[in-house]
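So the sequence lines, in the order shown, correspond to chains A and B. Residue numbers are given in UniProt numbering: position 614 of the first sequence equals residue 614, and the series is strictly consecutive. Residue numbers are given in UniProt numbering: position 277 of the second sequence equals residue 277, and the series is strictly consecutive. Just so you know, even glycine gets a beta-carbon here, dropped at the ideal spot from N, CA and C. Every value quoted in this text rests on a predicted model; they were computed, and no experiment measured them.
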Amino acid sequence: MRKRDRSPKTYTRLTHPLVRDARDAPLRRATWEEALDRTARGLAAARGAFGMFSCARATNEMNYVAQKFARVVMGTNNVDSCNRTCHAPSVAGLSAAFGSGGGTSSYEEIEHTDVIVMWGSNARFAHPIFFQHVLRGVHNGARMYAVDPRRTSTAEWAESWLGLNVGTDIPMAHAIGREIIHSGLVNEAFVLRATTGFEEYRALVEPWTLSLAEKVTGVPAAAVRELAHAYARAERAQLCWTLGITEHHNGTDNVRALINLSLLTGHVGRYASGLQPLRGQNNVQGGGDMGAIPNRLPGFQDILDGGVRLKFESAWDTVIQPHYGLNLTEMFEAMEDGSLRAVYCIGENPAQSEADGEQAVRRLRELDFLVVQDIFLTKTAELADVVLPATAGWAETEGTTTNSERRVQRVRRAVTPPGEAREDIDILCELAARLGHDWKYPDAEAVWNELRSVSPDHYGMTYERLAEHQGIQWPCPHTDTLEPPYLHGRLWETDPERRGRPAPFGIVRHDPPVDLTDEQYPIRLTTGRRLDSYNTGVQSGGYASPLRRGEYVELCPEDAERYGVVVGERVRVTSRRGSVLAPVWVDTGLRPGLAFMTFHFPDEVDTNRLTIEANCPIAGTAEFKASAIRIEKVSASGPALR
Amino acid sequence: MTVTPLGIPRRLLEFTLDGEPVRAPEGSTILDACRAAGKDVPTLCEGDTLTPKNACRVCVVEVEGSRTLVPACSRRAEPGMEVRTGTERARHSRKVVLELLASSVDLSTTPRVAGWLKEYEAKPDRFGPDAARVDEEPRVDNDLYVRDYGKCILCYKCVDACGDQWQNTFAISVAGRGFDARIAVEHDAPLTDSACVYCGNCIEVCPTGALSFKSEFDMRAAGTWDESRQSETTTVCAYCGVGCNLTLHVQDNEIVKVTSPHDNPVTHGNLCIKGRFGYQHVQNRD
Ligand code: SF4
Ligand code: SF4
Ligand code: FES
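Okay, here's the thing in structure tokens:
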């Protein structure tokens, strides 16, 4: 099958509001007045049973206003976004260890480090420009290790590839930890001074000998040993991960297991030594920082902290619920039991991005009221009672976003939005006004300045300074100085007062994937991204990529031969939840028993019919990376059910 | 341990530029110093994000004590040096270089070259009308970018950007030697059969327009490309969380091409296919 021009469904911009007159009536054009009135009524009727899906692709300013809308106008902390489907475990894991959920290093530091571990991350495809910084590091002499079930194009650059079995990251990490301990390579001074729980950790990893790890992970003991020694002996080392670590039913535990290695060796809190979770969406970091998550207020401040609540209550003249709200996953469950009746969904497409997609659609349909604010009529918007046309965050709106290295940068309006499309903040304020809250923000900068006044980490970042420095990394508490580019330097302070809370080792245990392979479902399906496409394809489908081939199920050559299938042949892929038809692709980077698919073309092949909604209990992220499937040949004459 | 490392402090060195004493940080090139002093030295193959290639030699200056003219873009300034930028010899050399280049390749889309031709009184046509001209049709083999080697000055910047300096894809190389040397992707294949990943970083660095956006190429062909009507706005990529900076070039409310600021700490002028070309969705306005 040659690369060919694939034009998936292209979406055209929404140019005017749409409303539905009855549940079964089609969406029809409406005026803004009518659409906003309808929305305000729908929301007012759902106080106490409301959820806000904020948007990790929109600006910080919009996320700030959206969470404020949920908390002040609707009186609930039920606000979340798609961080839940990707990096919530990183945030949960990092904040449990260090009290702050951001990646600890800047990109530049990876150019000056000695060892780079890329774990569960095909950054060459998913984060290409970050990977350029990695390659600079490699050209400068850093040794790179790739830990990944697939021999990806990232792994091609590694000194050694550790092709572990899907879902065995904790055994691998524990074995590395044990090897470091047994070889006397622990940074004892750091462990003593800056961590807690080492003895418990030592006991936890003790059973994970190299040979046991080899049996469980499938990686030769010598390779695990080599990685352990290289990482521990390095003067500086960076540990990077993405969704290969987080999209598991125990994603937060996986993250903790990796952080443990940095605590053991002191590879955190110093220049070029750190932890780098690479974010999938342009503003996942910022959305959380702005408080568009159920447990934190803007500036990542804990809702359970009375002093913090008081500050926001007086700033916003409101009462803040003294408990955590529901996260995205819990909101979906609350739709099921009827305790969540209305949803305000901004720029997200859960009908196609949630695991077990059919269930997600069914739940959205059961709501009393769904309003979707987006730039396209997505599959989710098609289910809505009211659709509000918005502007594109990055090209039609003023504001800021925050990248994976915590750098807050200005986004700017370059083109005029189509038709009657309006800015997110403007729409939210119109609705707030209809519901009794008169918010005055003349522009995005006014929102930002309000945020600065309540978030110490952002206080020093005026729009002017952001432009001057080409973005500033948080924390930035002062308007006249900049902080170091890495976090947690405090852990190296000798004065305990300044060192602050020590970082606890995570006592986490191996727990294999929920969806076990067996005779009926013998293949492990894992998912990921391709270079030219993105998520459910709504945006990336809009341009003519010469690399695009459409969706297919990738198998290794041995499995393709075993099933007697050739490239391009359509097969049925079935999991315990559903079944899809997809053409075969053969990839030599896969090993027998491992298949790979993406979510980029849900209109052609709805991969999420296959994935399992087994969620990380701490972060709520689903196990997109580990489903059990079987592959069947479809006879030419047989029924071609979807 | 809460201090920001600033790197080794750079000392200033002193030398003479066109008779005037100047100070430049250690490690600067003569070109850096010229630019800091507001002197305009023409450059073609110099690339601010790439190591100097010294291929074109339009930037030559005279250095006291040096037998040959030296390229300003790559020679580092030394204390006590005496540099002259506009001598008869340097000007003559630039004139000849420009004549040779302009007679063999099409420099019509190379910025500023028309002005230099005039300034140095270069007469490219003195070698006759068809002096070694690389006359070949532009290659349009995909929807994203076009290669027009009739405009190529063999500066190798695209090779460096695609190779180990940035992208590390190595799709672009030099085929042939000497007079036959030319830029090619693997055995002169169409891009769609090559290792190219369409990051467009080669277009970003190409000084002549030999590599260009298909959008620009089509608009030029249609006579609608008009830079005087374009605005440039720098914003942040809407795809992954790396946070690359994009400069959107907009004409009549349409994004017509995307470049990337070269001095940006995240991108250094580079992008991936999504950031460079994946903008169309916002302007599918029906
Ligand atoms: S194509 Fe452009 S960048 Fe490449 S060698 Fe030719 S002129 Fe230089
Ligand atoms: S240009 Fe590519 S690497 Fe950079 S932010 Fe956009 S998608 Fe990510
Ligand atoms: S610009 Fe100096 S040699 Fe080309």
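Roughly how many angstroms lie between the CA atoms of residue i and residue j, to the nearest whole one?
| i | j | result |
| --- | --- | --- |
| residue 538 of chain A | residue 280 of chain B | 11 Å |
| residue 13 of chain B | residue 292 of chain A | 52 Å |
| residue 717 of chain A | residue 225 of chain A | In this structure chain A extends from 1 to 642, so residue 717 of chain A is not present and cannot be described. |
| residue 80 of chain B | residue 61 of chain A | 54 Å |
| residue 572 of chain A | residue 583 of chain A | 9 Å |
| residue 641 of chain A | residue 581 of chain A | Reliability fails at residue 641 of chain A, whose pLDDT of 43 lies under 50, so the model's placement of it is uncertain and no value is given. |
| residue 214 of chain B | residue 182 of chain B | 21 Å |
| residue 12 of chain A | residue 286 of chain B | 6 Å |
| residue 155 of chain A | residue 135 of chain A | 12 Å |
| residue 66 of chain A | residue 244 of chain A | 30 Å |
| residue 202 of chain B | residue 34 of chain B | 27 Å |
| residue 42 of chain B | residue 107 of chain B | 14 Å |
| residue 359 of chain A | residue 138 of chain B | 52 Å |
| residue 44 of chain B | residue 100 of chain B | 14 Å |
| residue 556 of chain A | residue 151 of chain A | 11 Å |
| residue 627 of chain A | residue 223 of chain A | 27 Å |
| residue 98 of chain B | residue 121 of chain B | 10 Å |
Please check if any C-beta of chain A sits within less than 9 Å of the C-beta of residue i.
| i | result |
| --- | --- |
| residue 302 of chain B | Not covered by the structure: residue 302 of chain B. The range shown for chain B is 1 to 286. |
| residue 142 of chain B | yes |
| residue 200 of chain B | no |
| residue 282 of chain B | yes |
| residue 92 of chain B | no |
| residue 166 of chain B | yes |
If you measure between the beta carbons of residue i and residue j, is that distance less than 9 Å?
| i | j | result |
| --- | --- | --- |
| residue 176 of chain A | residue 261 of chain A | yes |
| residue 273 of chain B | residue 192 of chain A | no |
| residue 52 of chain A | residue 346 of chain A | yes |
| residue 274 of chain A | residue 104 of chain A | yes |
| residue 176 of chain B | residue 409 of chain A | no |
| residue 340 of chain A | residue 49 of chain A | yes |
| residue 447 of chain A | residue 64 of chain A | yes |
| residue 27 of chain A | residue 384 of chain A | yes |
| residue 130 of chain A | residue 107 of chain A | yes |
| residue 278 of chain A | residue 242 of chain A | yes |
| residue 80 of chain A | residue 325 of chain A | yes |
| residue 138 of chain A | residue 231 of chain A | no |
| residue 232 of chain B | residue 211 of chain B | no |
| residue 612 of chain A | residue 523 of chain A | no |
| residue 123 of chain A | residue 282 of chain A | no |
| residue 185 of chain A | residue 265 of chain A | yes |
List the DSSP bridge partners of residue i.
| i | result |
| --- | --- |
| residue 346 of chain A | A:373 |
| residue 80 of chain A | A:53 |
| residue 82 of chain B | B:16 |
| residue 386 of chain A | A:19 and A:371 |
| residue 25 of chain B | B:12 |
| residue 411 of chain A | A:399 |
| residue 481 of chain A | Note: residue 481 of chain A sits in no beta bridge, so no partner. |
Under a CB-based cut-off of 9 Å, is residue i close to chain B?
| i | result |
| --- | --- |
| residue 462 of chain A | no |
| residue 243 of chain A | no |
| residue 641 of chain A | Reliability fails at residue 641 of chain A, whose pLDDT of 43 lies under 50, so the model's placement of it is uncertain and no value is given. |
| residue 20 of chain A | no |
| residue 532 of chain A | yes |
| residue 418 of chain A | yes |
| residue 545 of chain A | yes |
| residue 692 of chain A | An answer regarding residue 692 of chain A cannot be provided, because it is not within the stretch 1 to 642 covered by chain A. |
| residue 387 of chain A | no |
| residue 135 of chain A | yes |
Would you say residue i lies against chain E (beta-carbon separation less than 9 Å)?
| i | result |
| --- | --- |
| residue 273 of chain B | Looking for chain E here will not work: the only protein chains present are A and B. |
Open item on the list: I want to know whether the region 485 to 501 of chain A touches the region 550 to 567 of chain A - three or more CB-CB distances under 8 Å.
Closed with: Two segments are said to touch when three or more pairs of C-beta atoms, one from each, lie closer than 8 Å; by this definition the region 485 to 501 of chain A does not touch the region 550 to 567 of chain A.
Open item on the list: Would you call the region 155 to 172 of chain B in contact with the region 39 to 53 of chain B, where contact means no fewer than 3 C-beta pairs closer than 8 Å?
Closed with: The count of Cβ pairs closer than 8 Å, one atom from the region 155 to 172 of chain B and one from the region 39 to 53 of chain B, reaches three, so the stretches are in contact.
Open item on the list: Between the region 493 to 505 of chain A and the region 204 to 212 of chain B, can you find at least three pairs of beta-carbon atoms closer than 8 Å?
Closed with: No, the region 204 to 212 of chain B does not touch the region 493 to 505 of chain A.
TODO: For the region 198 to 207 of chain A and the region 137 to 153 of chain A, state whether three or more C-beta atom pairs, one from each stretch, are separated by less than 8 Å.
DONE: No, they do not touch.
Open item on the list: Under 8 Å: do the region 20 to 39 of chain A and the region 507 to 516 of chain A share three or more Cβ pairs, one atom per stretch?
Closed with: The region 20 to 39 of chain A and the region 507 to 516 of chain A do not touch, with fewer than 3 CB-CB distances between them shorter than 8 Å.
Task: Three or more C-beta pairs below 8 Å linking the region 64 to 78 of chain B and the region 21 to 33 of chain B - done: Counting Cβ pairs under 8 Å, three or more are found: they touch.
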